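Step one of this worksheet: look at the structure below.
Protein chains in written order, with my numbering: chain B, 1 to 144; chain Y, 145 to 231.
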């Protein structure tokens, strides 16, 4: 698992995607990754889901939240960074006209996994945690 | 970039909520929801964001689990994008 901060580098297209891929054609987008899963597992598989309940994800989520918050603050406080991001984006996009691969009338597959979840959810509910997260915003009063 | 007082404040707030962050992870793990059926996960996230003062836009693109939570106004607009996925 990486324990050091990797240098900032150019983002390249890859085979995995979600809708942030679409966003990257429309506005400047950066990608922050942070270790928060068990090394070597297959993502989107139950084995990777297990990590959520481990100290790996608990620590990783805290570190990742700091990295994302810190990056957003840099952009809020340094207007030059935003201008540079916009310039780089326009340079990279050039004359490319973005056309989504999904047709405009495409509907999300809402039925996917519905039967399975409806069958098992009542039994699963008994195992839901009783403790719910409560975020303390007291600290917000000390905002600089 | 340097560690400004604004950043230190954000880091302290995250650190202060370390246990809540872990508990949110644990809650989502026990929901164990399959793709397109992340109703409990989505509900938890929306409730937490709403409590923190974010304005919610629900049912994004016809997806009952999709939402945008916004805070503040003006520019620049910084968006964080996430999947509701367990791992």
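Backbone N, C-alpha and C define an ideal beta-carbon position, used for all residues, glycine too.
For clarity, every value in this text was computed on a predicted model and none was experimentally measured.
If you draw a 10 Å sphere on the C-beta of residue 230/Y, you find 16 or more other C-beta atoms in it, and that means buried.
Take the alpha-carbon of residue 56/B and the one of residue 146/Y: they are about 27 Å apart.
Here the alpha carbons of residue 201/Y and residue 194/Y stand approximately 11 Å from one another. Within chain B, the C-beta atoms nearer than 7 Å to that of residue 178/Y come from 113, 116, 117, in chain order. Residue environment for residue 62/B: buried (at least 16 other C-beta atoms within 10 angstroms of its C-beta).
When secondary structure is reduced to three states using DSSP, residue 22/B falls in the helix class.
For residue 57/B, the enclosing alpha helix (DSSP H) has its first and last residue at 55-77. Here the alpha carbons of residue 84/B and residue 97/B stand approximately 21 Å from one another.
Excluding its 5 nearest sequence neighbours in each direction, residue 81/B has C-beta neighbours in its own chain below 8 Å: 74, 75, listed in chain order. Nearest to residue 131/B by C-alpha distance, out of 188/Y, 209/Y, 178/Y, 154/Y, is 188/Y.
Proximity of chain Y to residue 34/B at the Cβ level (cut-off 8 Å) is not reached, the minimal Cβ distance being about 13 Å.
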